[in-house]
Amino acid sequence: MELYATRCAICDSEECYTVLYRKNFKESDLSIDLFSARRLPDRIHYQIVRCNKDGLIRSNPIIDQESIYDLYGKSRFTYEQEIENLTISYLDALKGVLPKLSVDAKILEVGCGNGFILKALYKKGYKNVFGVEPSSEAVTKADKEIREKITIDVLRPGIFTPNTFDFIFFFQTLDHIGDPGSFLRICHNLLPSRGYILAFNHDIESLPLRMLGSRSPIIDIEHVYYFSKKTITKIFEKHGFSLIKVYSPADVISLRHIIWLSPVFKRLKIRLLSLEKGIFHRILNKKIRIRVGNLCMIATKTAN
Numbered sequence: 012m013e014l015y016a017t018r019c020a021i022c023d024s025e026e027c028y029t030v031l032y033r034k035n036f037k038e039s040d041l042s043i044d045l046f047s048a049r050r051l052p053d054r055i056h057y058q059i060v061r062c063n064k065d066g067l068i069r070s071n072p073i074i075d076q077e078s079i080y081d082l083y084g085k086s087r088f089t090y091e092q093e094i095e096n097l098t099i100s101y102l103d104a105l106k107g108v109l110p111k112l113s114v115d116a117k118i119l120e121v122g123c124g125n126g127f128i129l130k131a132l133y134k135k136g137y138k139n140v141f142g143v144e145p146s147s148e149a150v151t152k153a154d155k156e157i158r159e160k161i162t163i164d165v166l167r168p169g170i171f172t173p174n175t176f177d178f179i180f181f182f183q184t185l186d187h188i189g190d191p192g193s194f195l196r197i198c199h200n201l202l203p204s205r206g207y208i209l210a211f212n213h214d215i216e217s218l219p220l221r222m223l224g225s226r227s228p229i230i231d232i233e234h235v236y237y238f239s240k241k242t243i244t245k246i247f248e249k250h251g252f253s254l255i256k257v258y259s260p261a262d263v264i265s266l267r268h269i270i271w272l273s274p275v276f277k278r279l280k281i282r283l284l285s286l287e288k289g290i291f292h293r294i295l296n297k298k299i300r301i302r303v304g305n306l307c308m309i310a311t312k313t314a315n
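12 is the number of the first residue of the sequence shown in my numbering; add one for each residue after it.
Below is the structure:
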């Protein structure tokens with residue numbers, strides 16, 4: 012499978028970069044499982060580089076975008092155990108926008124999985140919720156009332172009518188996009204003037220990532236771009252958005268999932284996670300609130 016060079020999504024340069032980590036995979040490693048959300052971390056990644064002009068970190072080179080879309084379309088839905096905790100964490104993030112909207116607002120989630128957040132919003136009275144999700148398996152696991160509101164696809168030009176939505180959000184999605192500039196232009200087109208947008212993804216400059224380096228589960232073949240608070244602000248401003256705030260959210264997460272993400276020996280990890288009885292099982296499922304290395308950015312479409 013041929014690899015293609017990527018450009019910095021902020022300054023558009025192709026060659027002005029410093030290599031941080033070398034590619035460590037073979038073509039035979041590329042599979043549906045590698046592109047399934049929240050799989051067991053395996054430390055497989057592309058070559059990772061940092062733009063010398065603006066500091067944006069990216070994978071370079073990568074497989075072509077249509078092949079990536081195809082792998083995501085066939086990917087498995089594997090994170091049911093964490094949905095309760097994710098719902099708490101993500102609803103907390105959405106509180107930065109929801110009070111500013113009426114319950115009639117039209118809301119779009121990109122990369123919505125089985126629609127668990129759309130379902131939570133629907134229960135809160137927001138009936139005009141919609142989603143886009145490439146994984147057909149994930150969408151089949153959505154509740155019926157939500158499933159019909161999800162389009163099985165990636166966000167493409169023309170998928171919705173311009174100025175359709177009042178609020179667009181995406182959780183752990185932007186860093187998977189091969190061309191975030193094109194992605195943000197589509198979002199910009201779908202929002203009215205002063206419409207809201209929220210991005211929630213990994214922060215490459217967070218303490219956990221700086222401590223673990225290439226051993227971090229975030230340094231992964233699924234991730235094309237690695238944003239910091241500074242670089243995510245730059246790319247959104249470049250594409251016509253005005254920053255409201257960017258911050259480090261505290262996530263609700265189980266000890267089980269922390270072990271899942273940790274860079275301990277895979278065999279030991281699987282053994283620990285397979286314990287389904289007794290006190291250790293209860294400890295594994297204990298919830299804690301902690302900053303695990305994410306960022307959340309809220310912005311509006313700049314007024315015309």
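Backbone N, C-alpha and C fix where the C-beta goes; we use that ideal spot for every residue, glycine too.
Here the structure is a predicted model, which is why all the values come from computation and not from measurement.
8 Å Cβ shell around residue i - same chain, five flanking residues per side excluded
| i | result |
| --- | --- |
| Pro173 | Asn200 and Leu201 |
| Thr244 | Leu254, Val257 and Met308 |
| Asp214 | Leu220, Phe238, Ser239, Lys240, Ser259, Gly304, Asn305 and Leu306 |
| Gly88 | The amino acid at residue 88 is misidentified as Gly; the sequence shows Phe. Taken in chain order, the residues that qualify are Ser47, Ala48, Gly124, Asn125, Ser146, Glu148, Ala149 and Lys152. |
| Ile246 | Ala20, Ile21, Leu67, Pro191, Gly192, Leu195 and Phe238 |
Cβ-based burial, residue i [other Cβ within 10 Å; buried from 16]
| i | result |
| --- | --- |
| Ala16 | exposed |
| Cys123 | buried |
| Cys27 | exposed |
| Gly206 | buried |
| Arg33 | exposed |
| Asp23 | exposed |
| Asp115 | exposed |
| Ile301 | exposed |
| Glu95 | exposed |
| Thr184 | buried |
| Ser113 | exposed |
| Ser204 | exposed |
| Lys135 | exposed |
Residues near residue i in its chain [Cβ-Cβ closer than 7 Å; skip 5 each side]
| i | result |
| --- | --- |
| Val303 | Pro219, Asp262 and Ile264 |
| Ile79 | Gly189 |
| Ile294 | Leu266 |
| Glu25 | Ala16 and Arg18 |
| Phe171 | Leu201 |
| Thr242 | Ile21, Asp65, Gly66 and Leu67 |
| Gly251 | His199, Lys312 and Thr313 |
Residue i versus residue j - alpha carbon distance
| i | j | result |
| --- | --- | --- |
| Arg167 | Glu38 | 27 Å |
| Ile163 | Ile269 | 30 Å |
| Lys297 | Tyr57 | 34 Å |
| Ala310 | Ala153 | 28 Å |
| Phe194 | His187 | 11 Å |
| Ala210 | Asn139 | 20 Å |
| Ser146 | Ile157 | 15 Å |
| Ile299 | Glu13 | 43 Å |
| Gly126 | Val150 | 7 Å |
| Phe176 | Leu129 | 14 Å |
| Glu148 | Ser86 | 7 Å |
| Leu105 | Ile232 | 28 Å |
| Met222 | Arg54 | 15 Å |
| Glu144 | Trp271 | 24 Å |
| Ala131 | Leu102 | 8 Å |
| Phe36 | Tyr133 | 42 Å |
| Pro72 | Val235 | 9 Å |
| Asn305 | Lys155 | 31 Å |
| Ser225 | Thr98 | 29 Å |
| Ile197 | Ile74 | 22 Å |
| Phe181 | Ile255 | 16 Å |
| Thr29 | Gln92 | 39 Å |
| Pro260 | Cys307 | 7 Å |
| Val108 | Pro228 | 29 Å |
| Lys111 | Gln76 | 36 Å |
| Tyr237 | Ile208 | 19 Å |
| Leu31 | Val60 | 5 Å |
| Tyr137 | Asn212 | 24 Å |
| Tyr83 | Ser70 | 17 Å |
| Lys249 | Gly169 | 22 Å |
| Phe178 | Val121 | 11 Å |
Same chain only: Cβ atoms within 6 Å of residue i, ignoring 5 sequence neighbours per side
| i | result |
| --- | --- |
| Phe141 | Leu119 and Lys160 |
| Cys19 | Cys62 and Leu67 |
| Ser100 | Asp262 and Val263 |
| Glu216 | Ser239 |
| Val165 | Tyr80 and Pro145 |
Residue i - partner residues in DSSP beta bridges
| i | result |
| --- | --- |
| Leu306 | Asn212 |
| Val60 | Val30 and Arg69 |
| Leu109 | None; Leu109 has no bridge partner. |
| Arg226 | BP columns for Arg226 are empty, so no partner. |
| Arg267 | Answer is none; Arg267 lacks a bridge partner. |
| Tyr15 | Ile73 |
| Thr311 | Tyr207 and Ser253 |
| Lys85 | DSSP output for Lys85 lists no bridge partner at all. |
Secondary structure, beta strand (DSSP E): runs of 3+ residues fully inside the stretch 161-224
Counting only runs of 3 or more, we get 161-163, 178-182 and 207-213.
What alpha helix (DSSP H) runs, 4 residues minimum, are completely inside the stretch 112-144?
127-134
Any chance you could list the alpha helix (DSSP H) runs of at least 4 consecutive residues sitting entirely within the stretch 229-263, in chain order?
240-249
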